[in-house]
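Asker:
Number of protein chains: 4
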Amino acid sequence: MTERNIAIEAAERTAVEDQAVEIVERKGIGHPDSISDGIAESVSRALSNLYLDRVGKVLHYNTDETQLVAGESAPQYGGGEIIEPIYLLIVGRATKEYDGRRLPVDATAIGAARDYLNEHIPELEVGTDVIVDVRLGEGSGDLQDVFGEDGADIPMSNDTSFGVGHAPLTETEEIVLSVEQELNGAYADTHPELGPDVKVMGKREGDHIDITVAAAMVDAYIADLEEYDDAVESVRDHAAAVARDLTDRDVAVDVNTADDYEEGSVYLTVTGTSAEMGDDGSVGRGNRANGLITPNRPMSMEATSGKNPVNHIGKIYNLLSTDIAESVVEEVDGIRDLQVRLLSQIGRPIDQPHIADAKVVTDPDADLATLEPEIRAIVDDRLANVTDITRRVIDGELTTF
Amino acid sequence: MTERNIAIEAAERTAVEDQAVEIVERKGIGHPDSISDGIAESVSRALSNLYLDRVGKVLHYNTDETQLVAGESAPQYGGGEIIEPIYLLIVGRATKEYDGRRLPVDATAIGAARDYLNEHIPELEVGTDVIVDVRLGEGSGDLQDVFGEDGADIPMSNDTSFGVGHAPLTETEEIVLSVEQELNGAYADTHPELGPDVKVMGKREGDHIDITVAAAMVDAYIADLEEYDDAVESVRDHAAAVARDLTDRDVAVDVNTADDYEEGSVYLTVTGTSAEMGDDGSVGRGNRANGLITPNRPMSMEATSGKNPVNHIGKIYNLLSTDIAESVVEEVDGIRDLQVRLLSQIGRPIDQPHIADAKVVTDPDADLATLEPEIRAIVDDRLANVTDITRRVIDGELTTF
Amino acid sequence: MTERNIAIEAAERTAVEDQAVEIVERKGIGHPDSISDGIAESVSRALSNLYLDRVGKVLHYNTDETQLVAGESAPQYGGGEIIEPIYLLIVGRATKEYDGRRLPVDATAIGAARDYLNEHIPELEVGTDVIVDVRLGEGSGDLQDVFGEDGADIPMSNDTSFGVGHAPLTETEEIVLSVEQELNGAYADTHPELGPDVKVMGKREGDHIDITVAAAMVDAYIADLEEYDDAVESVRDHAAAVARDLTDRDVAVDVNTADDYEEGSVYLTVTGTSAEMGDDGSVGRGNRANGLITPNRPMSMEATSGKNPVNHIGKIYNLLSTDIAESVVEEVDGIRDLQVRLLSQIGRPIDQPHIADAKVVTDPDADLATLEPEIRAIVDDRLANVTDITRRVIDGELTTF
Amino acid sequence: MTERNIAIEAAERTAVEDQAVEIVERKGIGHPDSISDGIAESVSRALSNLYLDRVGKVLHYNTDETQLVAGESAPQYGGGEIIEPIYLLIVGRATKEYDGRRLPVDATAIGAARDYLNEHIPELEVGTDVIVDVRLGEGSGDLQDVFGEDGADIPMSNDTSFGVGHAPLTETEEIVLSVEQELNGAYADTHPELGPDVKVMGKREGDHIDITVAAAMVDAYIADLEEYDDAVESVRDHAAAVARDLTDRDVAVDVNTADDYEEGSVYLTVTGTSAEMGDDGSVGRGNRANGLITPNRPMSMEATSGKNPVNHIGKIYNLLSTDIAESVVEEVDGIRDLQVRLLSQIGRPIDQPHIADAKVVTDPDADLATLEPEIRAIVDDRLANVTDITRRVIDGELTTF
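Chains as they are written, first to last, in the working numbering: chain F, 1 to 401; chain H, 402 to 802; chain W, 803 to 1203; chain C, 1204 to 1604.
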């Protein structure tokens, strides 16, 4: 076996943590783009499992283009109503027949979307508040060939593409991620008035961090403007507490800054997502594979959600590069900022990238030359086990947005 | 008030009961055309009630064009699966804004369709087995004007149209109607293997009546061909019993005549309707307002289901003519066959039809001249109370298919 | 070969021509229901020809459910505009793959619809004024089997269904048909202001015939109300002239009776069809196979347009019964009114109907017993050559609406 | 007026031109994602012009979510065929009524899409090869207010968002951009066999540049594999010539590397875009506002195409930051690499960004302190004239992808 083309080098830049200005964003699970991502990925997992269950291997499909067309609503304190439902179109292609047997591809996709929405956007009743439709083509001839027949085989790359991952997260990144996850996690469990459409923007200038949260409130649980204001205040307090646990820097938190109490214009919704009233969404327009939008760092434009995890190199390399970066930082001491980039080449096995380059900013007291062999070993090992990514995606262990 | 133009005359033909050959058909509640009719009418009722509730009067709408695009399924003994869901498009137009307030027209339509399906085709899960979509336009300017402001006012006719009704039902008609209603009623309650897509065709030649039933069986409740055959036999026995209670004529019943046991080709479904596997449906293509298709009798081509019951003259006159015919036969003795026809004229009050004509075949011992005043009085009275039809439609007391 | 079950008998009723009241209607070629019929049938013919061309025989399909969702327009004298395009969904199922080769079914359907609209509703620009979409399923397994392999073979009936035809047309029927055809033919060629959505209603009471025409005017060719009034007057004159050529009875013609000149409310359109502003349409809701809606006569509810002409018994028998009735009346003297009815039986060859019955009203001086052998011979002959119907439908020689 | 918050500082990194590995990509005008971008932006321009024409100011709209669902085709040498058309759904919301007058929003959107496709993807016949559908909602109440009433007024920012621009392009970027533009420009004019779906990937390692072109060939202009091979060779030669004019570095060009001549698997299409056979597309997934995907540089995830150019801050700032960077580099000598970033703040005038920061890598012999005042002046001036961006977008002077 040929040696892998792995380059470990010093990043000729400042660590993001040390840059003067840093911007970070996370679109929460109920944001229209995230809903699209979530459905695309849940449909993808369901199809992988359908194929494994029925055929013993994953067949050709890609479902990375879910389009959400916003609805119209009339929220009001105590409970408003949906005027026009959201329309959600699952787009892509999938193998619908194998060995003369028709496979329930469309029904599986619709079912997966429904289950996903029921679990994550529970206030949104499928079939009433949101119409889920599907247009899955058969795909072009060549691509319908079977692949991944045997887990031990390494697929060939289907495209020239690249993935990029980073670790560790900066404080601002950690805060943005955690604030959303906490609010949509434990906090929401006891605060039903908070909808899942929580968008968090972090901006750091030097040692001052501004966190701006846009949080859709659910009208049924809020009686009036006073209760609304309490709910906003409570979100602010909780976000601030989460943030302060993660940094010693100066943190300011703003929630729903576009509200205008005098005009009675507040962020009130019927279902907890702005998709109900004018915000469309689509796959790959929101968070990158690590859950964040990080303009201070190189990002791939590739949509990760909904792609076939067996042979879609863009998906695999984005997830793998993130996984490698996190593993390296966990296992190797002395790294302040790490960027891992994988570039594929059509027709080569995917464990043999055209280039795998790691750009390292070490801690002041660390020496890259010393760390280099350890880093290389991890990169090499992870590449050798690239098919683990596929398995973990199918099992739902890896998130894509 | 001017006298109404009512003509009572002898029908210059044989009573249908006495004709040599008679054909009658009923598409049961689960037939794709009937599903379309049922949804169109339930949407119409829901919109009428929405408008009454919010605005105090019914506004402009028509929802008489629901289109059902069949799905694909793979039934099998013990329970098969849906491959591709049914797609159901609610089409029409409705007033979406009144007095500056947006009305939840689309959401109400979707909700009504869902409730209807849940109640009548329970095996068909909305949002998974069937996608319900909606395209309701705003309609053209003039027609959006409010009407029916005051129940005591008689609306003007919006079209030149006509309606036709008959009574009494012939024995063959009674049998066809009752067989479907019994099978989809008490029988289905205790026989979950029988789906709601029951189509009944009756053919009478002289005194011999052939009843042909096509009955969709639900696979989850049928273990094998033997149980299927038992289920078919049981439907046949029940249908025959119903028929024999209604006639002294010779009756033969066939069920699922297209089955071919040797080839294993039987009428097995996952959800109890052929809409799941290739049979499209639309409004107004099935039963007429009296629940039957009766080629021996004049019929209106007008779709009754989904039309606005306040001002749609085709709907009102079809229901009213049927209602008049039934009332006359109930109240006046000596009528063997009665046809009532109402012809509207644009711009005239709907209680003043251009012509109302009743064609009567009397019993051998009855005399039309004697009956004529009674009949005329009933026709006149029902026309005077034409708005009762609107109310009864909105309350769901009148069926349209 | 067994003898066919043909019954020739006296109709126990008055000829329609002699009944006291007669109602007849024709929806012109530009009416929304007729547009749906026309597209469904043109798609059907295109698919038949595609299959014949590529495979040598017609494969399974049915495209009898085109749904037209009306648009919105703002007509004005001298030329208005479309606000929202019409949406037209071609629905049905068709065999998309044969012998491992994909057939351009969807593209053929779309192309046929486009060609049809370009030819018949030329003011309606496809892709701008009207969106043509398509949802054609694969259909259920069994039905995809090939049929009609050899023109000499008689297919088996696929359903219990019936068709009914009449001849000759009454004067009122002739007038209604001719007025529409003339207006949409030679007249429209020299009067571009007349759109194809011409609806003609005829009502005869005794010897007085009222013809009511609703004619959509095209705004680009009409400068003001005065020109509009001239256009209406011209249509009235032309219709009256056509009518008077066909009858000696008293004829009155009204055009666009719903107009209200004082309120400026007239029947002005941008494209010549009411589909542009609120009138939805679907297949099988308008004219029967003979081009008319005739409530004085038994009619089949079966949609003829779009059905597969090789094996769809409802389509074949409606066209055949009409063809037989016309042939008999043309070849046999002394018939005042003839109704031919064909009833199929599942599984029997379609040239062997369960019953073929002809109900005859003879001229006063004719004797049915004398005519009977001639009539029987024609019925028998046409049944023997039933597959001619299929060929003539595919060649576009027979109209279906 | 307050001073603008402008920060000019040294970039603490190597110029991209000097980094060891550089990756650049451009999706050509016929790529499914670019088709979506192009239609979204052309619809946006058409709506802006519609509003200016009818109302005198731009009203609320956003049309940045066009979804392309791929079709299916059967290309073959000499000319193949489309099997299933592409489906293209224009998604967004727009003000449909103003001052009681309905505006032709849907018709304008459809028309703009059609015109765009006719001009840029001429082999793709709208209405036959591609179905263009539209779902534009009314949007939520507040946002429908009028804005931009007076050109001299600076709108307030509607969101917290940022834009980022770069200049000058590196050699690799120049090459990737030029190769696509040349191929889709002069070259295509004389080589009809080259379709507009040309994707160019550039990878530079040190001083070696690999250019990989994926070029969809149009089958009607290619007789056989030999001609195909000639066409590929000709594209390679042309691309290589373009590249060599722009660099002294070592350049290698590959075209259609996934082809397998032995298996007869080549990149042949009927219409010149892979959208015809399995590649879906959506807005904002391809090129950034400067026409490139540049993972070596910070990028905004914001979709620029289709957004409202009057008040959508993400669109304006992405275009403005690119414009500023280009202007600075053009007017100021000594800059090797410049990144301009603009961060908005909700509720502040858009000419007053929260931060405008410029990160500069100077030429070895230049001094940032000397250049700083010039740079600042340009940034300040462009911000002061921010509304120029809006005008230039509406006039079609600025490209967005």
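Beta carbons: idealized from backbone N, C-alpha and C, even for Gly.
Keep in mind it's a predicted model, so treat the numbers as computed, not measured.
In this structure, does DSSP put R1539 of chain C in helix, strand or coil?
Answerer: Correct three-state label for R1539 of chain C: strand.
Asker: Going by alpha carbons, who is nearest to E1577 of chain C out of C:P1567, C:V1531, C:T1450 and C:L1601?
Answerer: Of C:P1567, C:V1531, C:T1450 and C:L1601, the residue nearest in Cα terms is C:V1531.
Asker: Using a Cβ-Cβ cut-off of 8 Å, state whether K859 of chain W counts as contacting chain H.
Answerer: For K859 of chain W, the answer is no, since every Cβ of chain H falls outside 8 Å of its Cβ.
Asker: Measuring straight from C-alpha to C-alpha, what distance separates D908 of chain W and A617 of chain H?
Answerer: Their backbone Cα atoms lie some 30 Å apart in a straight line.
Asker: In whole angstroms, what is the alpha-carbon distance linking R686 of chain H and K716 of chain H?
Answerer: R686 of chain H and K716 of chain H: Cα-Cα distance of roughly 15 Å.
Asker: Which runs of the alpha helix (DSSP H) at least 4 residues long sit entirely within the stretch 616 to 704 of chain H? Give them in chain order.
Answerer: If we require 4 residues or more, the alpha helix (DSSP H) runs fully inside the stretch 616 to 704 of chain H come out as 626 to 647.
Asker: Measuring CB atoms only, is the stretch 198 to 211 of chain F touching the stretch 24 to 42 of chain F, in the sense that at least three cross pairs come out at less than 8 Å?
Answerer: The stretch 198 to 211 of chain F vs the stretch 24 to 42 of chain F: in contact.
Asker: Answer with yes or no whether the minimum CB distance from D908 of chain W to chain C is below 8 Å.
Answerer: Chain C, which has a Cβ nearer than 8 Å to the Cβ of D908 of chain W, makes this yes.
Asker: Against chain W, does D438 of chain H count as a neighbour if the rule is that its beta carbon must be under 8 Å from one of theirs?
Answerer: No, D438 of chain H does not count as interfacial toward chain W.
Asker: Against chain W, does I1313 of chain C count as a neighbour if the rule is that its beta carbon must be under 8 Å from one of theirs?
Answerer: So yes, I1313 of chain C belongs to the interface.
Asker: Across which residues does DSSP place P349 of chain F in a beta bridge pair?
Answerer: BP columns for P349 of chain F point to F:M156.
Asker: For the stretch 592 to 607 of chain H, which residues have a beta carbon sitting closer than 9 Å to at least one beta carbon of chain W?
Answerer: Answer set for the stretch 592 to 607 of chain H: M602, K604 and E606.
Asker: Let's see if you can read the secondary structure: which residues bound the beta strand (DSSP E) around G566 of chain H?
Answerer: Note, G566 of chain H: beta strand (DSSP E), F563 to A568.
Asker: By the DSSP assignment, the beta strand (DSSP E) with T763 of chain H in it spans what residues?
Answerer: Its beta strand (DSSP E) spans residues I756 to T763.
Asker: Does the CB of N1187 of chain W have a neighbour CB from chain H at under 8 Å?
Answerer: No, because no Cβ of chain H sits closer than 8 Å to the Cβ of N1187 of chain W.
Asker: Is the Cβ of G151 of chain F closer than 8 Å to any Cβ of chain H?
Answerer: A caution first: G151 of chain F carries a pLDDT of 47, below 50, which makes its placement in the model unreliable, though a value can still be read off. So no, G151 of chain F is outside the interface.
Asker: D65 of chain F touches chain C at which residues, Cβ-Cβ below 7 Å?
Answerer: A small correction: the amino acid at residue 65 of chain F is Glu; Asp does not occupy that position in the sequence shown. Within chain C, the residues near E65 of chain F are Q1270, D1483 and S1485.
Asker: Tell me the DSSP secondary structure of R4 of chain F in three-state form.
Answerer: R4 of chain F: coil per DSSP, three-state reduction.
Asker: Examine chain W for any beta-carbon lying closer than 8 Å to the beta-carbon of I1286 of chain C, and answer yes or no.
Answerer: For I1286 of chain C, the answer is yes, since a Cβ of chain W falls inside 8 Å of its Cβ.
Asker: What whole-angstrom Cβ distance do R4 of chain F and V164 of chain F have, given they're in contact under 8 Å?
Answerer: Between V164 of chain F and R4 of chain F the Cβ distance is about 17 Å, and since that is not below 8 Å, they are no contact.
Asker: Output, in chain order, the set of chain W residues within a Cβ distance shorter than 8 Å of D1336 of chain C.
Answerer: The contacting residues are Y889, I933 and D935.
Asker: Taking only beta-carbon atoms, is N1514 of chain C less than 8 Å away from chain F?
Answerer: Chain F, which has no Cβ nearer than 8 Å to the Cβ of N1514 of chain C, makes this no.
Asker: Okay, do the stretch 703 to 711 of chain H and the stretch 443 to 456 of chain H touch, 3+ Cβ pairs below 8 Å being the bar?
Answerer: They touch, by the three-pair rule.
Asker: Taking Cβ-Cβ distances shorter than 8 Å, what residues in chain C pair up with G137 of chain F?
Answerer: V1272, A1273, G1274, E1275, E1287 and G1481, listed in chain order.
Asker: Counting C-beta neighbours from all protein chains within 10 Å, is the total for E173 of chain F 16 or more, i.e. buried, or is it exposed?
Answerer: Buried, because 16 or more other Cβ atoms sit within 10 Å of the Cβ of E173 of chain F.
Asker: Find the nearest neighbour of D611 of chain H within the set H:L537, H:V580 and H:I779, judged by alpha-carbon distance.
Answerer: The shortest Cα separation from D611 of chain H among H:L537, H:V580 and H:I779 belongs to H:V580.
Asker: Quick check on the DSSP output: the alpha helix (DSSP H) that includes Q869 of chain W runs from which residue to which?
Answerer: Run containing Q869 of chain W: none in the alpha helix (DSSP H); it sits in the beta strand (DSSP E), Q869 to V871.
Asker: State the beta-bridge partners of Q1415 of chain C as determined by DSSP.
Answerer: First, the residue type needs correcting, since residue 1415 of chain C is Thr and not Gln in the sequence shown. BP columns for T1415 of chain C point to C:M1404 and C:D1457.
Asker: Can you tell which of F:D33, F:L169, F:K96 and F:R392 has its C-alpha closest to the C-alpha of P309 of chain F?
Answerer: Checking every option, the nearest Cα to that of P309 of chain F belongs to F:R392.
Asker: Measure how close the beta-carbons of I1425 of chain C and L1522 of chain C come, nearest whole angstrom, since I'm counting them as under 8 Å.
Answerer: Their Cβ separation, rounded to whole angstroms, is 39 Å, which puts I1425 of chain C and L1522 of chain C out of contact at 8 Å.
Asker: Give the DSSP-derived three-state secondary structure of D1169 of chain W in the structure shown.
Answerer: The answer is coil: DSSP assigns D1169 of chain W none of H, G, I, E or B.
Asker: Please state if the CB of E1007 of chain W and the CB of E819 of chain W are separated by a distance shorter than 8 Å.
Answerer: No, these two residues do not count as a Cβ contact at 8 Å.
Asker: Whole angstroms is fine: what's the gap from L1586 of chain C's alpha carbon to E1529 of chain C's?
Answerer: Approximately 14 Å, taken between the alpha carbons.
Asker: Could you tell me whether the Cβ atoms of I933 of chain W and P1307 of chain C are closer together than 8 Å?
Answerer: Not a contact, by the Cβ cut-off of 8 Å.
Asker: Measuring CB to CB, does T788 of chain H end up less than 8 Å from I576 of chain H?
Answerer: Result no, Cβ atoms of T788 of chain H and I576 of chain H do not sit closer than 8 Å.
Asker: At a Cβ threshold of 8 Å, is V218 of chain F touching chain H?
Answerer: Answer no: the Cβ-Cβ gap between V218 of chain F and chain H never drops below 8 Å.
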